[in-house]
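Following: one structure in structure tokens, then a few remarks.
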Ligand code: HEC
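Residue numbers (the numbering used here): 970 to 1166.
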């Protein structure tokens, strides 16, 4: 083999291996769309670590203290819960914020807010919601995405940081829950609290 032929063959081999390395590095593994089941599982995981049950699931007292009532997962503030009297002098800014025994109702300078029913019950929960309504509501902090501003302590501004894919997964999980009929009351404005004394 003369030198020229050897030279060109080596050049060919080098450029070939260089190109294949180059292309290998740049070909990202194709991102597969999650199946419905995978989305529900991811949503369950995000809801668990996102603390949504802390406020949206009623509680029972068990051997380990306060626990989630697993028969009423994410069904919101129980409609039949009678609020104890509230002393408006205790809830001025800088004083107390109050929570009820289920941690589903919250009293503060904003009045009384009640954690919503997130189960897919049509009249009382998220049964008629679309993915778009859910994402808009969490991103903008407005009821159903366009209504009044969401009240504390709903941490929508943290939930808003989730990617679209994660928010869709959370919604897929909520829609997979057992629908529970529970009409959560409307919030009570601050000036009505003194009537509850
Ligand atoms: C610290 C308590 C708290 C936590 C934690 C919490 N929420 Fe809420 N959430 C509330 C309250 C209270 C409301 C009702 C607010 C209102 O009436 O304006 C609410 C309302 C909502 C609504 C109704 C929004 C609308 O448009 O009407 C959705 C949906 C929701 N929360 C989802 C979630 C999800 C998902 C999580 C977990 C990532 C979560 N929440 C965690 C307290 C909480």
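Positions of the beta carbon are idealized from the N, C-alpha and C atoms, including for glycine.
Point to revise | Residue environment, residue 1140, which counts as buried when at least 16 other CB atoms sit within 10 Å | key: buried
Check your understanding: Buried or exposed: where does residue 1090 fall if 16 or more other Cβ atoms within 10 Å of its Cβ makes it buried?
Key -> buried
Point to revise | Opening and closing residue of the alpha helix (DSSP H) in which residue 1153 lies | key: Premise fails: residue 1153 is in no alpha helix (DSSP H) and is neither H nor E.
**Study point:** Neighbourhood of residue 1120 by C-beta distance below 7 Å, restricted to the same chain and skipping five residues each side
**Key:** 1079, 1082, 1156
Review point. Out of curiosity, what's the CA-to-CA distance linking residue 1026 and residue 1041?
Key: 6 Å
Exercise for review: Give, in chain order, every unbroken run of the beta strand (DSSP E) that is at least 3 residues long and sits entirely within the region 1095-1166.
Suggested key: none
Check your understanding: Is the region 1151-1165 close to the region 1128-1138, with three or more CB pairs under 8 Å?
Key -> no
Review point. DSSP state of residue 1059, grouped into three classes?
Key: helix
**Study point:** Touch test, the region 1045-1058 against the region 1068-1075, Cβ-Cβ under 8 Å, three pairs minimum
**Key:** yes
Check your understanding: Since residue 1013 is in the alpha helix (DSSP H), which residue starts that stretch and which ends it?
Key -> 1005-1018
Practice item. May I have the straight-line CA-CA distance separating residue 1024 from residue 1084, to the nearest angstrom? Key: 6 Å
Practice item. Mind checking which residues open and close the alpha helix (DSSP H) that includes residue 1022? Key: 1021-1025
Practice item. From the DSSP output, read off the bridge partner residues of residue 1029. Key: 1036
**Study point:** Of the listed residues 1043, 1062, 1067, nearest to residue 1054 (C-alpha basis)
**Key:** 1067
Review point. In terms of DSSP beta bridges, what is residue 1079 paired with?
Key: None, per the DSSP bridge assignment.
Practice item. Taking all protein chains shown into account, decide if residue 1127 is buried (16 or more other Cβ within 10 angstroms of its Cβ) or exposed. Key: exposed
**Study point:** Buried or exposed (CB count within 10 angstroms, at least 16 for buried), residue 1103
**Key:** buried
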